Amino acid sequence: MSKEYIARDPRTGKPLNVSRSKSKKQYIETEQGPWMAIPDLDIIPLAIGEIEECKIPWRSKEYHLTRKDGIMALTRIKGARANEAHKALLLGLEDDEPQIRVASLKALPEVATQKSDELFDWLSVLLDDDDIAVRTSASEALSVSAPVFPSGVDIIIHNELRSANKNRSKAAFKGLDLLCEAWPEVACDHIDELFLEPDVELRTRGAKLLGKILTKGGSAGWDLISWALNDNEPSVRRAAAKTLPRLAKADTRIATILAERALSDSDSQVRVSAVKAIRLLDKDSGRAKELILKGASSRDLNVRKACIDMLPILYGEEVLRGIAIDLLKTETDSKLIKSLNQLATDDSLEGSEATKNRFLAPAPAVPKLDREVAEAAGKRIGLEPVLPDKKVEENLEQQPAESNASKPKVSSLYRSVSQDEMMGYDDDEY
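Each number in the numbering used here comes from the position in the sequence shown (counting from 1) with 36 added on.
Following this line, the structure appears as structure tokens:
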């Protein structure tokens with residue numbers, strides 16, 4: 037028999053891709069309680085009623101555990117004894133005591149990971165149990181089991197989503213929410229069926245889940261967004277339009293197509309969501325610029341405002357002035373007219389004198405040699421000398437002359453130089 041081929045690094049000889057895979061999200065969490073301390077050999081007898089009570093210490097306390105605690109401890113049994121745990125759980129699900137059935141439903145999702153035969157049939161039955169606590173526990177077990185057993189609860193989820201009982205419907209939508217993360221392709225099928233329902237609330241709640249399947253749903257998810265944007269009910273279209281900004285980050289091409297359609301929607305909230313998606317598109321894209329120009333002349337004030345605010349980002353000054361002048365011909369809002377006037381005005385030509393001066397080029401710097409010559413001649417380059425304040429002059433006049441006499445005389449830093457001195461002539465030579 038040939039050995040399995042293992043790709044190895046030629047330098048080290050170690051197998052390639054030996055890094056640990058990312059840990060998957062755990063949808064089923066083991067519930068903690070005193071039953072975690074029950075000895076393994078006593079779990080099955082206690083769960084099926086052979087032992088009425090088990091006394092154990094747990095966290096510095098002593099507990100007297102009964103059959104329901106033994107059923108909760110069935111989640112600890114794995115491997116070879118899984119069949120025994122499965123049989124004990126089935127007995128608990130069909131027990132006459134509501135407390136036993138509730139405990140069995142809490143243990144059902146984790147026990148089903150070892151063996152699930154008949155368990156989901158019982159789950160479907162107990163959803164219609166006479167006891168309200170049992171029905172509530174069954175709904176919770178359904179929402180937990182949905183992302184782990186999508187095929188096992190497929191029909192149950194389908195029915196519970198449409199339940200007239202709000203609590204049961206809420207639990208089913210919670211399971212569908214988790215299903216969007218774990219199995220997006222299965223969730224797409226359920227959402228697709230919800231869009232065919234005449235009930236507006238079901239379609240709206242289905243549209244709110246579209247954001248969960250954007251990255252993993254693929255083309256099926258894009259089709260669902262497109263269908264939701266064509267819905268007759270504004271609430272459905274609003275929920276679908278809110279996914280467009282996220283879609284713009286995932287797939288620019290599809291987001292551009294859907295945003296263009298949403299930009300002409302009759303509902304203002306849908307149009308605003310479309311503008312938010314356009315903001316995230318590639319600013320160098322010609323199609324994105326066309327959509328923003330189209331939105332700048334929209335009937336919706338919020339859309340016009342958002343698009344006009346984006347114009348300085350997309351266009352240069354000359355093109356921007358031309359666009360602003362054209363938009364001023366049809367704009368009616370006073371605030372937008374003020375903004376467009378600012379964009380259409382060239383301050384370097386039409387502003388005040390101080391404004392125009394800001395656009396002038398700075399004067400060339402005086403060469404260092406010229407500055408030194410001027411300073412040697414007692415002249416100052418640049419700004420004029422600063423005049424002292426009147427108060428300072430008055431204080432200087434009031435000071436006695438003796439204080440000035442006591443100060444040592446300091447010669448001027450610069451003095452005028454004659455031409456003879458500059459040429460090096462001396463009077464003694466003549």
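Backbone N, C-alpha and C define an ideal beta-carbon position, used for all residues, glycine too.
Source: prediction; values computed, not measured.
Closest Cα partner of residue i within the set the options
{"i": "ILE136", "options": "LEU317, THR102, ARG340 and ALA73", "result": "THR102"}
{"i": "THR111", "options": "ILE84, THR149 and SER181", "result": "THR149"}
{"i": "GLU65", "options": "PRO145, LYS114, LYS50 and ALA139", "result": "PRO145"}
{"i": "ASP301", "options": "GLY331, ALA124 and SER173", "result": "GLY331"}
{"i": "LEU214", "options": "LEU245, TRP71, ASN201 and VAL138", "result": "LEU245"}
{"i": "LYS325", "options": "ALA139, VAL272, PRO398 and LEU356", "result": "LEU356"}
{"i": "GLY247", "options": "ALA284, TYR63 and LEU376", "result": "ALA284"}
{"i": "GLU130", "options": "PRO46, GLU154 and SER199", "result": "GLU154"}
{"i": "ILE359", "options": "GLU86, ASP406 and MET346", "result": "MET346"}
{"i": "ASP165", "options": "LYS97, ASP132, SER152 and TYR99", "result": "ASP132"}
{"i": "ASN14", "options": "ILE168, THR288 and ASP362", "result": "Nothing can be reported for residue 14, as the shown portion of the chain is limited to 37 through 466."}
{"i": "SER271", "options": "TRP158, ILE42 and ASP303", "result": "ASP303"}
{"i": "SER370", "options": "LEU337, ARG315 and CYS90", "result": "LEU337"}
{"i": "ALA298", "options": "ALA275, ASP287 and ALA286", "result": "ALA275"}
{"i": "VAL308", "options": "ILE261, ARG273, LYS415 and VAL402", "result": "ARG273"}
{"i": "ARG289", "options": "LYS278, ALA277 and ALA313", "result": "ALA313"}
{"i": "ALA473", "options": "ARG335, PRO403, GLU353 and ASP406", "result": "Missing from the structure shown is residue 473; the chain here goes from 37 to 466 and no further."}
{"i": "ILE344", "options": "ALA200, ASN377 and SER173", "result": "ASN377"}
{"i": "ALA182", "options": "ALA200, THR172 and GLY211", "result": "GLY211"}
{"i": "SER173", "options": "LYS151, GLY414 and TRP158", "result": "TRP158"}
Under the three-state DSSP convention, the category residue i falls into
{"i": "PRO51", "result": "strand"}
{"i": "TRP219", "result": "coil"}
{"i": "ARG44", "result": "strand"}
{"i": "PHE156", "result": "helix"}
{"i": "ASP303", "result": "coil"}
{"i": "PHE209", "result": "helix"}
{"i": "SER57", "result": "The predicted position of SER57 is uncertain, since its pLDDT is 45 and thus under 50; a value taken from the coordinates is nonetheless stated next. The answer is coil: DSSP assigns SER57 none of H, G, I, E or B."}
{"i": "THR292", "result": "helix"}
{"i": "LEU364", "result": "helix"}
{"i": "VAL402", "result": "coil"}
{"i": "GLY128", "result": "helix"}
{"i": "ALA413", "result": "coil"}
{"i": "GLU233", "result": "coil"}
{"i": "THR251", "result": "helix"}
{"i": "ALA310", "result": "helix"}
{"i": "ASP190", "result": "helix"}
{"i": "LYS151", "result": "coil"}
Residue i and residue j closer than 8 Å at C-beta
{"i": "SER255", "j": "ALA207", "result": "no"}
{"i": "HIS122", "j": "VAL147", "result": "yes"}
{"i": "CYS216", "j": "ILE249", "result": "yes"}
{"i": "PRO134", "j": "VAL170", "result": "yes"}
{"i": "ILE328", "j": "LEU350", "result": "yes"}
{"i": "VAL306", "j": "VAL339", "result": "no"}
{"i": "ALA73", "j": "ILE92", "result": "yes"}
{"i": "PHE231", "j": "GLY188", "result": "no"}
{"i": "THR366", "j": "SER333", "result": "yes"}
{"i": "GLY253", "j": "PRO220", "result": "yes"}
{"i": "VAL236", "j": "GLU196", "result": "no"}
{"i": "ARG239", "j": "ASP259", "result": "no"}
{"i": "ALA143", "j": "LEU125", "result": "yes"}
{"i": "LEU82", "j": "GLY106", "result": "yes"}
{"i": "ALA295", "j": "ALA264", "result": "no"}
{"i": "PRO75", "j": "TRP94", "result": "no"}
{"i": "ALA177", "j": "LEU127", "result": "no"}
{"i": "GLU89", "j": "HIS100", "result": "yes"}
According to DSSP, residues forming a beta bridge with residue i
{"i": "LYS91", "result": "HIS100"}
Unbroken alpha helix (DSSP H) run spanning residue i, endpoints
{"i": "LYS114", "result": "Here LYS114 belongs to no alpha helix (DSSP H), and DSSP marks it neither H nor E."}
{"i": "LYS371", "result": "370 to 380"}
{"i": "GLY257", "result": "255 to 265"}
{"i": "SER179", "result": "168 to 181"}
{"i": "SER140", "result": "134 to 148"}
{"i": "THR240", "result": "236 to 243"}
{"i": "ARG198", "result": "Neither: ARG198 is in no alpha helix (DSSP H) and is coded neither H nor E."}
{"i": "ARG340", "result": "337 to 350"}
{"i": "GLY322", "result": "322 to 332"}
{"i": "ILE84", "result": "76 to 84"}
{"i": "LYS285", "result": "280 to 286"}
{"i": "VAL272", "result": "270 to 277"}
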